[in-house]
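For the sequence shown, the residue numbers in the numbering used here are 3 to 404.
Cβ coordinates follow ideal geometry from the N, Cα and C atoms, glycine included.
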Amino acid sequence: MTTKARKILPHVAGKGSPAVAVVLLSCGALGQAPYAETEPGLPLPGLVASEQSAFARGEALFNRPFTPENGLGPLFNQDRCGSCHDLPTSGGHGAEPVIKATRFDPVEGCSTLPEHGGDLLQTVVIESARAMGFGAERTPPGATAITEIRAPAVYGLGLVEQIAEADIMRNADPDDADGDGISGRPNLDADGRVGRFGRRAQHTALDGFIEEAIRLEMGITTPAHPEELDHNGVPLPEGIDLVPDPEVGAEELELLVAYMRFLAPPQPILPEDPGALADIEEGERIFEFMGCDACHTPAFTTATSESPALDRKRFRLYSDLLLHDMGPELADICSPGILPSEWKTARLVGLGHRSEFLHDGRAQRLSDAILLHGGEAAASRDVFRRLTDQARSQVLAFLRSL
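So this is what it looks like as structure tokens:
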């Protein structure tokens, strides 16, 4: 640990009660390596020539529109990866929501409704499918939850992939053994590997995460899954799709993986005004005082890598990549083995570029997003409610700087 500056912050006040003075530890990083980050949309510093080439080719493919003539559909939501990841740059978050529906029973658990085509609804069909009477998929019968979800940014995911599993597991406390009310747990795959990608940490590696998005969002078949999607669980008749399967090959998938692997996290948005900068720094300390960093782990350092750009790099994340029960306020769709109220801690890096918050974009203001936190985050939410107006403004200034 580095030497940390101490400061007394009288930021919390309750009606009829005195302000509470608390000793805090700042987020100083004296003597540590700089963070791996750049302006949004740029590659990681330190790429070798072959990596730069793969990044550029992958970025072009990421933003290339597909058509029915080269594999799009028959069912899909968008015609290119960049349609859902373009704000403020390629690789950013998206404004277009997708619709997901699941069924949850306290005894039987979660069903993603595979008999009805799965939990993600495809809302667009190609012309040949429309000519045969097919339209947008409908909400499956038996669904107990349906929601719209906005795509998050994919900045910095190569660094996330390179975190050692032991570093993620170090923050796990599924039984709340320390009694602090925080019981984050990993989402482990069938082989016991730690998930880190997706809203519920369903994927352990970038290749599976990307391959699933191509299939479900764009209806493009892959070597691992060469079958076309069903329409609400009903197989489509022959003749709708004339492109041989699989419609993308391993080389194209590898280029998309390279693009995301080498896409850098965005650097903070810092003002030149010293007073505004001081508010951001104070807001970061209050963020810790609230206990938000118990789940929103500020930074990680990657494990060793053959790539110099990924090797032992320190980067901001503000997530522990673990599942937490967020309470009934944020209970929604479910995933197998995961309750409707459990979500992976959202990454806060890039938050300052967003205008809608939480997984479904229901919050138009950051303060509202904080106040919707429940479950394991209820104590931090309640501290935020008791902050002075100035302290709340400083916390929000810090979050907008990320």
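Taking His355 as the centre and dropping the five residues before and after it, the same chain places the C-beta of Pro90 closer than 6 Å to its C-beta, in chain order. Contact annotation, Ala381 with Leu374: C-beta distance approximately 15 Å; criterion of less than 8 Å not satisfied. An exposed status is given to Arg140, since fewer than 16 other beta-carbon atoms sit within 10 Å of its beta-carbon. Distance between Ala266 and Ala133, taken at the CA atoms: about 44 Å.
Met220 is positioned such that its CB atom lies closer than 8 Å to that of Gln80. Contact check for Asn234 and Pro142: beta-carbon distance about 7 Å, within the 8 Å limit, so the pair qualifies.
With a threshold of 16 other beta carbon atoms within 10 Å, Gly339 falls short and is exposed. By DSSP's assignment, Ser337 forms a beta bridge with Ile340. Distance from the Cα of Pro225 is smallest, within the candidate group Leu46, Ser130, Ala252 and Pro154, for Ala252.
Leaving aside the five residues that flank Ala155 on each side, the residues in its chain whose CB is nearer than 6 Å to its CB run, in chain order, Gly94, His95 and Gly352. For Ser369 and Gln396, the gap between their C-alpha atoms comes out near 12 Å. Around the beta carbon of Thr306, a 10 Å sphere encloses fewer than 16 other beta carbons of the protein chains shown; the residue is thus reported as exposed.
Secondary structure of Leu122 (DSSP, three-state): strand. Rounded to the nearest angstrom, the Cβ distance from Asp243 to Gly119 is 16 Å, too far for a contact under 8 Å. DSSP places Arg105 inside the beta strand (DSSP E), whose first and last residues are Pro99 to Asp107. Ala192 sits exposed, since fewer than 16 C-beta atoms from the chains shown fall within 10 Å of its C-beta. When rounded, the separation of the alpha-carbon atoms in Val259 and Thr104 is 29 Å. In the three-state reduction of the DSSP assignment, Leu77 falls in the strand class.
Here Asp182 is exposed, its C-beta having fewer than 16 other C-beta atoms within 10 Å.
Excluding residues up to 5 positions away in sequence, Phe302 lie with their Cβ nearer than 7 Å to the Cβ of Asp169 in the same chain.
In the three-state scheme derived from DSSP, where H, G and I count as helix and E and B as strand, Phe400 is classed as helix.
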